[in-house]
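Here's the structure, in structure tokens; my notes come after.
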Amino acid sequence: MINANILNVTKFTTPLAAASTLSQVETPVPSPLKVRRRKTIKQVWKRNRVRKTLPVYWRRLVEVGVPVQAADILAKAIAQYDAVRQVPNTKEQQLIHEYCRFICRAELWRSQLLSTQTA
């Protein structure tokens, strides 16, 4: 048995006739979730700034005595705050409160981080 779609495609005599039929076929519209948003130059600059400052902040925190795992979280929170003004989440705020004297010794304290602390 021959497929009817094959017969429809093969009956065209010129490429122009085939192209006109293909243009009538509806192309699916991409959903908004699948469309990738292009990053602006400012966003890329901010992301790169976080990437560059994070290891420096981490090293400073470890040198003053912060445990490595806590230093990872704290360095990321402080770097993101510096670059994007992103307020730390509750876990990060708790660590900031716990290690505030080490953060001061590492000279990474930001006065706005004090105001975002949880009591």
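Sequential numbering of the sequence shown, starting at 1206, is according to the numbering used here.
Where is the CB? At the ideal position from N, CA and C, for every residue including glycine.
Nearest C-alpha to A1311 among A1275, V1249, T1295, V1271: V1271. About 15 Å separates the beta carbons of R1254 and A1282, which is beyond the 8 Å limit, so they are not a contact pair. Your pair L1300 and L1279 checks out as a contact, with CB atoms roughly 6 Å apart and the cut at 8 Å. In this structure, the straight-line span from the alpha carbon of Y1262 to that of E1297 is close to 15 Å.
Annotated as distal: T1245 and A1284, with beta-carbon spacing of 8 Å or more. For R1265, the number of other beta carbons within 10 angstroms of its own is at least 16, and it is reported as buried.
Within a 10 Å sphere around the beta-carbon of P1260 sit fewer than 16 other beta-carbons, which makes this residue exposed. Non-local C-beta neighbours of V1273 in its own chain, meaning closer than 7 Å and more than five positions away in sequence, comprise V1267, ordered along the chain. A direct Cα-to-Cα measurement between V1269 and Y1304 gives close to 10 Å. Rounded to the nearest angstrom, the gap between the Cα atoms of A1276 and Y1286 is 15 Å. Secondary structure note for Q1248: its alpha helix (DSSP H) is the uninterrupted segment 1246-1268.
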